[in-house]
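Structure record follows, encoded as structure tokens.
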Amino acid sequence: MIDALFEGLLLVLQWKALAFMLLGVVLGFWVGLLPGLGGATTLALMLPFIYTMQPVEAFAFLLGMHAVVATTGDITSVLFGVPGEGTTAATILDGHAMAKKGEAGRALGAALMSSLIGALVGAGALALAIPVVRPLVLTFGSPELFMLAIVGLAFIASLSAQGGRGMLRGFLAGGLGLMFATVGQDPQAGVERYTLGTLYLWGGLDLVPVLVGIFAIPEIIDLAVRGTSIAGDLPPGRLNKGALEGVKDTFRHFWLTIRCSLIGTFVGIMPGLGGAVAQWMAYGHATQSARNAEERKGFGAGDVRGVLGPGAANNSKEGGSLIPTVAFGVPGSTAMAILLGGFFLLGLVPGPDMLTKHLAVTFSMVWTIVLANVVTVAACFLLLNRLATLTTVRGHLLIPVILVLVFIGSYTANNHYGDVLVTLLFGGIGYLMVLGGWPRAPFVLGLVLGRIAENYLYISVARYEAAWLSRPVVLVLIALAIVVICYPLVQARRSGADKDAHA
Amino acid sequence: MHSKASLALGLGIMIVSAWAVIDALAWPWKAALFPLVIGIPVFCLATAEVLWVLFGSTARSEIMDFQLSTHLPANVTLRRTGLAIGWIVGFFVAVVLLSFPIAVPLFVFLYLKIQGREGWRFAVLFTIAVWAFFHGLFERLLHLPFPAGWIQAWIA
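These protein sequence lines are chains H and W, in that order.
Just so you know, we're using numbering that gives the first Met the number 0 here: the first sequence kicks off at 0 and counts up by one.
Just so you know, we're using numbering that gives the first Met the number 0 here: the second sequence kicks off at 0 and counts up by one.
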């Protein structure tokens, strides 16, 4: 095993594989920065180019590109409040709030360093977990995966707002997201649901136009209303001095970063949950690290822990999602399903062979994730100061450029004007939510989880009827959901009692 | 303002969820299971929210999310919000009528001239730079298909 580990490193360090990896990194860097241009789409576009490559070169190219997309996606999210990738939307909540306070450099430093640590944890998990992951994946059937989705939603709905009223709005937003996820042709019976008689809605609502609308439009309107730059009237000297502070923040909250990385890895391992879920679960966990209700108020207003959690989980999930792809041929996400196509194009069959005959190739993937992330983070740190000063550019110069990117970003989802209309409609909903004090995170998680949860619920009911509710892991997850819902209420009550006692 | 937005959202969700549940009742159980499992509690929660807004406290709940700026006078905020929405909707209308390749430079130029009050030279140069980026990346490199706008289609 150790021999294969080093052989894998030597394979990636061969000049051709290294050159392809760097090419992939450069492509992934820009794909991540541009809103809407998804990592999975680019992976699919690049797939035909690997025909003539050796397996190690092909994976160095594809994984090198894919591994860095989430890292640079965080940059767009932090600087402009527009999700660079669907998987980097959670970084906006605190990262962009920090940018508006003149702490763009610190937020970027934290996002990049936590991304690097997340990638290293994910790659380490991939290397270590291959022999032991089989029983874990097999323990989770459809009922458990459905409950896992519910726990995730309960997590974010209960933690994204304060008190009973906030929790009601959190669950309402989550439920609304789940409802919008049912739009389109039903996967079981083929019934057209809520399509309003249009062909466009048959495939359901695409995540990218919805995400871009719900997050970017309120930010653009607010930037226009303020009439200043993103960082307001803060002195420019402060902006680019925080990168090192962001790096230090990562180590100050080192165990939080590690825990969020493990959450990302775990979500990545579970087939079908997808990368967009990992960031919100990690964000929910990060908010839980607040010691009291007062401290929790800082989340959404620029708490660095809200950047560290999603940043770490986004990158660690890649290593995690490679585990079932390589070991069982079960892709953990859309991108992994495309990568699986790459395996077949190269004549490799995922499964036991990848853990025995082609173990060095498997380890070369681990090294690619590590090296690609190290190279990207190093390059980003060199550019960080210049990137941070973008937040001082006058608003009326940024707005048309951001709006063009928002419109084209959503249009590229299906190359349909309907995508842009969806962005505007959800932009309106997002604006009302922000205006009314409703949390947007549960809505997005509901939308992401809706399709998955529906499939798992249907299979659970069809296969086990009501008995699925009595499976041991399901019971544990139900208990966990109850704890997650009750915990903030108990915490708020306790802090209220403490205040009374002090008074 | 926030309670009006909450009321609008709550009422909107009530109407949408009621329609969703009524629609789902006519489907086979396979297709209706999830919409009903979600739609009914969402309707109940939305009703609770509406009642809370109408008869309960109007205090704003603390959320972990972005907050709109509040330092400007209400009339200025309202006017600027209306203007921003106007520009966004206007850009969408321009895209539909003229297609992206024409709407993008037109929107950027008009925004800089009218909203940004920039000089002719800067506005033209900035527009050319944005158009070059758009044309080079999305048209030349990625070959994104941009269908003709309604006006071009009508003229043709």
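In this text, a Cβ means the ideal position worked out from N, Cα and C, and glycines have one as well.
Does chain W have any CB closer than 9 Å to the CB of H/L519? Absent from the model: residue 519 of chain H. The displayed extent of chain H is 0 to 502, so no value can be given.
Q.
So, for H/F60: in the same chain, excluding its five sequence neighbours on each side, which residues have a beta-carbon less than 6 Å away from its beta-carbon?
A. F19, G23
**Request:** Residues of the region 427 to 445 of chain H with a CB closer than 9 Å to any CB of chain W: list them in chain order, please.
**Result:** The region 427 to 445 of chain H vs chain W, Cβ under 9 Å: G427, I428, Y430, L431, M432, V433, L434, G435, G436, W437, P438, R439, A440, G445.
In terms of residue numbering, what span does the alpha helix (DSSP H) encompassing H/S260 cover? 253 to 268
Among residues of its own chain, excluding the 5 on either side of W/V49, which ones have a beta-carbon nearer than 8 Å to its beta-carbon? Here the set comprises L6, G9, L10, M13.
- Task: For H/V131, count neighbouring C-beta atoms within 10 Å of its own C-beta (all shown protein chains included) and say buried if the count is 16 or more, exposed if not.
- Result: exposed
>> Please identify the residue among H/V306, H/A478, H/N314, H/G445 whose C-alpha is closest to the C-alpha of H/L175.
In response: H/G445
Listing by chain order, which chain H residues have their CB less than 7 Å from the CB of W/T80? I220, V224
- Task: List the residues of chain W that H/A521 touches, going by C-beta distances under 7 Å, in chain order.
- Result: Residue 521 of chain H is absent from the model: chain H starts at 0 and stops at 502.
Would you list, in chain order, the members of the region 19 to 32 of chain W that have their beta-carbon closer than 9 Å to a beta-carbon of chain H? Here the close residues are A19, D22, A23, W26, P27, W28, K29, A30, A31, L32.
Examine chain H for any beta-carbon lying closer than 9 Å to the beta-carbon of W/P72, and answer yes or no. no
Among H/A126, H/P82, H/G101, which has the Cα closest to the Cα of H/I1? H/A126
**Report entry** Residue closest to H/F139, alpha-carbon to alpha-carbon, out of H/C485, H/L479, H/Y455, H/Y486
**Finding:** H/Y455
Query raised in the report: How is H/Q287 classed by DSSP in three states: helix, strand or coil?
Result: helix
Counting only Cβ pairs nearer than 9 Å, list the residues of chain H close to W/Q114. A223, H395, I398, P399
Best match in H/R450, H/T86, H/V77, H/V81 for proximity to H/M97 [C-alpha to C-alpha]: Relative to the Cα of H/M97, the nearest Cα in the group H/R450, H/T86, H/V77, H/V81 belongs to H/V77.
- prompt: Whole-angstrom Cβ separation of H/L431 and W/A4, contact assumed at under 8 Å?
  reply: 5 Å
- prompt: Looking at the structure shown, is H/R168 part of a helix, part of a strand, or coil, going by DSSP?
  reply: In this structure, H/R168 counts as helix in the three-state DSSP scheme.
Quick one, which of H/L488, H/N413, H/G408, H/T422 has its alpha-carbon nearest H/N291's? Ranked by Cα distance from H/N291, the first of H/L488, H/N413, H/G408, H/T422 is H/L488.
Review point. Alpha carbon to alpha carbon, what distance is there between H/L344 and H/T51?
Key: 10 Å
### Message
Count Cβ pairs between the region 33 to 44 of chain W and the region 167 to 174 of chain H that sit closer than 8 Å; are there 3 or more?
### Response
yes
Could you compute how far the alpha carbon of H/T194 sits from the alpha carbon of H/L200?
5 Å
*Close-in-space but distant-in-sequence residues of the same chain around H/W89 (CB under 6 Å, 5 per side omitted)*: Looking at the sequence shown, residue 89 of chain H is not Trp but Ala. Result list for H/A89: Q278, W279, Y282, P309, in chain order.
Self-check item: With 16 other Cβ atoms within 10 Å as the buried cut-off, status of W/T69
Solution: exposed
By the three-class DSSP mapping on this structure, what secondary structure does H/G319 have? helix
Checklist entry - Given that W/L44 touches chain H, what residues does it touch there, using C-beta distances under 7 Å? => result L167, F170, L171, G174
*asked:* Within a Cβ cutoff of 8 Å, which residues of the same chain sit near H/Y416, ignoring the five residues on either side of it in sequence?
replied: Y410
Q. Helix, strand or coil: which one does DSSP assign to H/Q278?
A. helix
Practice problem: Just the C-alpha distance for W/K112 and W/F121, rounded to the nearest angstrom, thanks. | Solution: 9 Å
Original post:
From this set, H/F170, H/L476, H/R393, which residue's C-alpha is nearest H/I219's C-alpha?
Top reply: H/R393
Interfacial residues, the region 181 to 195 of chain H to chain W, with Cβ spacing under 7 Å:
T181, D185, Q187, A188, V190, R192, Y193
Just to confirm the assignment, what range does the alpha helix (DSSP H) spanning H/H95 have? 89 to 99
Whole angstroms are fine: how far does the CA of W/F90 sit from the CA of H/L420?
11 Å
Check: Of the choices H/Q187, H/R385, H/C259, H/D185, whose alpha-carbon is the least far from that of H/A242?
Finding: Scanning H/Q187, H/R385, H/C259, H/D185 for the CA closest to the CA of H/A242 turns up H/R385.
### Proximity to H/T70 [Cα-Cα], best of H/T249, H/A311, H/D93, H/R439
H/A311
W/L82 vs W/Q114 beta-carbon contact at 9 Å
Contact: yes.
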